[in-house]
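Chains as they are written, first to last, in my numbering: chain A, 8 to 86; chain B, -13 to 213.
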């Protein structure tokens, strides 16, 4: 199966989530071996996801937990 | 099943059992235990809301409201879903409510009608792309850009992205929390990722010198360093 770039782009997410069937996966792998553009798109998307999942990207405000439990305590006392 | 998988499953079963036990005890008037019950999910609730609202003060206030609401409505938690999914659903509803109030203007301009089911979104094509070095991950501004880009996603795409790629919920949990089916989760996630790729690629370019003319633009060293 020979794929065009546009076809590969449709499956980038499925590829990253390892959800493609074997035949499609093999065809995409083959395409990626020779296509710099698609490899770049795949790599950049993957990098964004790694950055997204990094705990440092979304940090909790200092003292958040203390304030949360203090407020809950107040609610519990009144209930 | 491998040994480590067995241990993992065993641990998660124990955790669920403990959680059920905690819930029962909170409902049986040991209210103080609610603190313990929610502690593992403090981050999940805050980050879910913050990624949607992109306002620290508002997100913190909303996260408190979510936990208070969970406390008051704990009786209605049936245990069919995971407790974390139940919390995320409340968090998502709170974030949506506040978003409506704030009428985020930026979204209207981007939220063009898109036919779902077709994964024809075009990513950013960079012919001079090279992998970013690890050091790029240390850059605070890159994190800020990512947050901004996520906040600019149309709401329905942002919600799926937040739950799947920030909170790392699985497809089924995401579908349950949002009240949509798994196919739609996949379609929206793909679109969200491609939109982010397009928005962020200019900031992900490496600082490496341009390639020598006639040679491929992508060097081997940084290639796929996250694999």
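For each residue, glycine too, the CB sits at the ideal point set by N, CA and C.
Being a predicted model, the structure only gives us computed values, none of them experimental.
Reduced DSSP category for residue i - H, G, I as helix; E, B as strand; rest coil
i, result
"residue 188/B", "helix"
"residue 63/A", "coil"
"residue 125/B", "coil"
"residue 52/A", "helix"
"residue 26/A", "coil"
"residue 59/B", "coil"
"residue 17/B", "coil"
"residue 69/A", "coil"
"residue 113/B", "Because residue 113/B sits at a pLDDT of 48, beneath the cut-off of 50, its placement in the model cannot be relied upon, and the point is left open."
"residue 67/B", "coil"
"residue 87/A", "With chain A represented from 8 up to 86, any question about residue 87/A goes unanswered, as that position is not in the structure."
"residue 165/B", "coil"
"residue 40/B", "coil"
"residue 51/B", "helix"
"residue 96/B", "Since pLDDT at residue 96/B reaches only 49, below the 50 mark, its modelled position is unreliable, and the value read off the structure follows with that caveat. Residue state, collapsed to three classes: helix."
"residue 20/A", "helix"
"residue 170/B", "helix"
"residue 140/B", "coil"
"residue 153/B", "coil"
"residue 134/B", "helix"
"residue 159/B", "helix"
"residue 11/A", "coil"
"residue 85/B", "helix"
Closer than 8 Å to chain B by CB, residue i
i, result
"residue 32/A", "no"
"residue 20/A", "yes"
"residue 54/A", "yes"
"residue 76/A", "yes"
"residue 7/A", "Absent from the model: residue 7/A. The displayed extent of chain A is 8 to 86, so no value can be given."
"residue 51/A", "yes"
"residue 10/A", "no"
"residue 85/A", "no"
"residue 69/A", "no"
"residue 29/A", "no"
"residue 41/A", "no"
Alpha carbon of residue i to alpha carbon of residue j, nearest angstrom
i, j, result
"residue 17/A", "residue 30/A", "15 Å"
"residue 147/B", "residue 175/B", "6 Å"
"residue 215/B", "residue 72/B", "Nothing about residue 215/B can be reported from this structure: the residues present for chain B run from -13 to 213 only."
"residue 34/A", "residue 13/A", "13 Å"
"residue 135/B", "residue 63/B", "34 Å"
"residue 138/B", "residue 88/B", "14 Å"
"residue 48/B", "residue 38/B", "11 Å"
"residue 48/A", "residue 50/B", "39 Å"
"residue 155/B", "residue 43/B", "25 Å"
"residue 189/B", "residue 20/B", "43 Å"
"residue 32/A", "residue 158/B", "23 Å"
"residue 187/B", "residue 72/A", "35 Å"
"residue 177/B", "residue 21/A", "11 Å"
beta-carbon residue i near the ligand NAP non-hydrogen atom, thresh 7 Å
i, result
"residue 41/B", "No copy of the ligand NAP occurs in the structure displayed, which carries no ligand at all."
Residue nearest to residue i in terms of C-alpha spacing, selected from the options
i, options, result
"residue 23/A", "186/B, 85/B, 180/B", "180/B"
"residue 79/A", "185/B, 143/B, 78/B, 22/B", "22/B"
"residue 165/B", "139/B, 154/B, 145/B", "145/B"
"residue 11/A", "25/A, 28/A, 41/A, 20/A", "41/A"
"residue 31/B", "13/B, 5/B, 76/B", "76/B"
"residue 61/B", "53/B, 29/B, 12/B", "12/B"
"residue 132/B", "77/A, 72/A, 71/A, 65/A", "65/A"
"residue 58/A", "173/B, 169/B, 130/B, 161/B", "130/B"
"residue 84/A", "3/B, 66/B, 58/B", "58/B"
"residue 69/B", "5/B, 151/B, 78/B, 160/B", "5/B"
"residue 24/B", "66/B, 8/B, 14/B", "8/B"
"residue 65/B", "183/B, 2/B, 52/B, 16/B", "2/B"
Neighbour flag for residue i against chain A, beta carbons, 8 Å
i, result
"residue 26/B", "no"
"residue 188/B", "no"
"residue 143/B", "no"
"residue 175/B", "yes"
"residue 85/B", "no"
"residue 37/B", "yes"
"residue 181/B", "no"
"residue 53/B", "yes"
"residue 109/B", "yes"
"residue 29/B", "yes"
"residue 171/B", "no"
"residue 152/B", "yes"
"residue 113/B", "Caution is warranted here: a pLDDT of 48 is assigned to residue 113/B, below 50, making its placement in the model unreliable, and the coordinate value is therefore given only provisionally. Yes - at least one Cβ of chain A is within 8 Å of the one on residue 113/B."
Contact set between residue i and chain E, taken where Cβ atoms lie within less than 8 Å
i, result
"residue 17/B", "The chain inventory of the structure shown lacks chain E, comprising the protein chains A and B."
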